[in-house]
Amino acid sequence: MADERRLDVRGTHALWIGILVLPVLLPVRHAFPDETFEEMHGRLMAQNPKGLTLTAQTEKDTYHLGERVPVSFAFANQSGVKYRVWTGTGDRSGRIHDIAFHVEGRPGSFTDPLKTYFPSGTGGMGGLGGEEVLGAYTQVFDLNEWVRFDQPGRYRFFCTTSRVYTEDHRERPNLCSPILAMRIVPSDENYVQQTVDAALKGLKSEDYGVRRQAVRTLRFLSTPEAVECLMPWLEDLNLGWDASAGIMGCRDWEHARKVLHDGIGNPDVVVGTRFVRTLAH
């Protein structure tokens with residue numbers, strides 16, 4: 062049986078992950094509960110307007126559990142119709158709402174890390190970015206913002222997005238990418254420790270970009286050590302959201318909650334609005 066986010070298909074588990082705002086996307090979640098992963102993908106690919114394409118690509122095909130997975134979105138318009146593309150890389154709500162990842166893997170092997178923070182599956186437009194006339198355009202997004210892998214294994218996924226639209230805004234197709242395959246391998250103690258150490262070193266950098274990437278590395282790593290390292294950054298003006306998302310979306314919330322409770326009594330920890338919201342989410 063299917064619910065709002067899950068489709069159980071022939072012994073596999075396909076999970077719709079993303080928060081989308083356009084009614085055209087609702088059939089993906091509700092109207093075809095018995096279709097296979099390939100059937101859903103074929104149906105969505107068939108809806109791509111002629112000459113308008115979305116290609117997704119990862120840097121490699123094997124990643125450690127908790128490793129950042131950048132996905133490159135390449136848009137191309139050879140349709141003869143003038144389209145524009147929204148170039149936003151962030152949203153005031155904390156998640157981009159016009160992108161979704163459709164994943165196939167074993168039941169219980171992956172999840173939306175922020176499903177308790179974004180429970181409704183809806184959201185509004187907004188955020189940071191602009192638009193430009195679409196000929197060819199590429200953006201990179203971290204799959205980990207939408208998907209947390211909890212078990213090693215082989216996975217397949219494809220992407221859909223509605224950030225391309227006609228100049229008069231009357232048409233906003235839901236573009237679909239080809240299917241990608243990837244393998245997640247275990248993260249042993251050495252890998253985790255090396256990753257944490259590198260992130261802590263990055264957090265000492267004077268370069269904001271380096272500090273932000275360090276926080277996001279800890280956010281996606283999602284280990285108890287990472288949670289403890291993220292807590293001091295909750296009230297940081299620029300890095301607080303990633304720290305909060307990493308704690309709320311970690312694999313072991315009970316441990317994270319204990320870390321936060323212990324932090325309340327620590328005079329070196331700043332307990333502000335984001336700290337409280339993270340604990341109470």
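Residue numbering for the sequence shown follows this note's numbering, starting at 62 and increasing by one per position.
We put the beta carbon where it would ideally sit given N, CA and C, even for glycine.
Endpoints, beta strand (DSSP E) assigned at residue i
| i | result |
| --- | --- |
| Ile-245 | 241-246 |
| Asp-203 | 197-203 |
| Val-320 | Counting along the chain, Val-320 falls outside any beta strand (DSSP E), though it belongs to the alpha helix (DSSP H) covering 314-325. |
| Gly-166 | 160-166 |
| Val-132 | 131-138 |
| Leu-113 | 113-119 |
| Thr-334 | Run containing Thr-334: none in the beta strand (DSSP E); it sits in the alpha helix (DSSP H), 334-341. |
| Glu-296 | From DSSP, Glu-296 is part of no beta strand (DSSP E); its letter is neither H nor E. |
| Glu-193 | 192-194 |
Host alpha helix (DSSP H) of residue i (start-end)
| i | result |
| --- | --- |
| Phe-98 | 98-107 |
| Thr-150 | Element bounds for Thr-150: n/a, residue is neither H nor E. |
| Ser-207 | The displayed chain sequence assigns Trp, not Ser, to residue 207. First-last for Trp-207: undefined, no H or E at that position. |
| Ile-308 | 301-309 |
Same chain, Cβ closer than 8 Å to residue i, neighbours up to 5 away in sequence not counted
| i | result |
| --- | --- |
| Val-201 | Pro-131, Val-132, Ser-133, Phe-134 |
| Asp-203 | Arg-129, Val-130, Pro-131, Val-132, Arg-277, Phe-281 |
| Asp-122 | Ala-242, Met-243, Arg-244 |
| Cys-220 | Leu-115, Ala-117, Val-132, Phe-134, Ile-160, Ala-161, Phe-162, His-163, Cys-237, Ser-238 |
| Leu-261 | Ala-275, Cys-290 |
Residues bridged to residue i [DSSP beta-bridge criterion]
| i | result |
| --- | --- |
| Gly-214 | Ile-245 |
| Val-142 | According to DSSP, Val-142 bridges with nothing at all. |
| Val-330 | Val-330 pairs with nothing; no bridge assigned. |
| Tyr-124 | Ile-245 |
| Phe-171 | Phe-210 |
| Phe-179 | Answer by DSSP bridge pairing: none, since Phe-179 is not bridged. |
Cut-off 6 Å between Cβ atoms - residues of its own chain near residue i, not counting five sequence neighbours on either side
| i | result |
| --- | --- |
| Leu-83 | Any answer about Leu-83 is weak, because its pLDDT of 31 lies below 50 and its placement is not dependable; what the coordinates show is given next. For Leu-83, where only same-chain residues beyond five positions count, the Cβ hits under 6 Å are Ser-223. |
| Ala-317 | Val-288, Ile-308, Cys-311 |
| Leu-264 | Arg-272, Ala-275 |
| Leu-113 | Asn-138, Ser-140 |
Proximal residues to residue i (C-beta, below 7 Å), its chain only, five neighbours per side dropped
| i | result |
| --- | --- |
| Val-142 | Thr-227 |
| His-342 | Thr-177, Tyr-178, Met-309 |
| Gly-196 | Asn-138 |
| Gly-214 | Gly-166, Arg-167, Ser-170, Ile-245 |
| His-125 | Val-246, Ser-248, Tyr-252 |
| Pro-110 | Ser-140, Pro-234 |
| Leu-300 | Arg-272, Arg-273, Val-276, Trp-294 |
| Pro-328 | none |
| Ile-325 | Val-332 |
Residue i beta carbon near the ligand HEM (any heavy atom closer than 6 Å)
| i | result |
| --- | --- |
| Leu-300 | Of ligands this structure carries none, so the ligand HEM is not represented either. |
7 Å Cβ cutoff, residue i in contact with chain C
| i | result |
| --- | --- |
| Val-132 | Of the protein chains in the structure, only one exists, and it is not chain C. |
Given 8 Å as the limit, is there contact between the segment 144-153 and the segment 190-205, that is, 3 or more CB pairs closer than that? Yes, the segment 144-153 touches the segment 190-205.
Under 8 Å: do the segment 232-250 and the segment 105-117 share three or more Cβ pairs, one atom per stretch? Pairwise C-beta distances place the segment 232-250 in contact with the segment 105-117, as three or more of them are shorter than 8 Å.
Three Cβ pairs or more, each shorter than 8 Å: is that satisfied between the segment 121-134 and the segment 268-282? Judged by pairs of C-beta atoms under 8 Å, the segment 121-134 touches the segment 268-282, as three or more such pairs exist.
Alpha helix (DSSP H) segments (min. 4 residues) lying fully within the segment 222-294: You should have 250-264, 269-282, 285-291.
Decide if the segment 172-181 is in contact with the segment 247-257; the criterion is three or more beta carbon pairs, one per stretch, under 8 Å apart. No, they do not touch.
Kindly confirm or deny that the segment 330-342 and the segment 294-309 touch, where touching means at least three C-beta pairs closer than 8 Å. By the criterion of at least three beta-carbon pairs nearer than 8 Å, the segment 330-342 is in contact with the segment 294-309.
Determine, using beta-carbon pairs with one atom in the segment 156-169 and one in the segment 261-271, whether at least three such pairs fall under 8 Å. Contact between the segment 156-169 and the segment 261-271 is absent, because fewer than three Cβ pairs lie under 8 Å.
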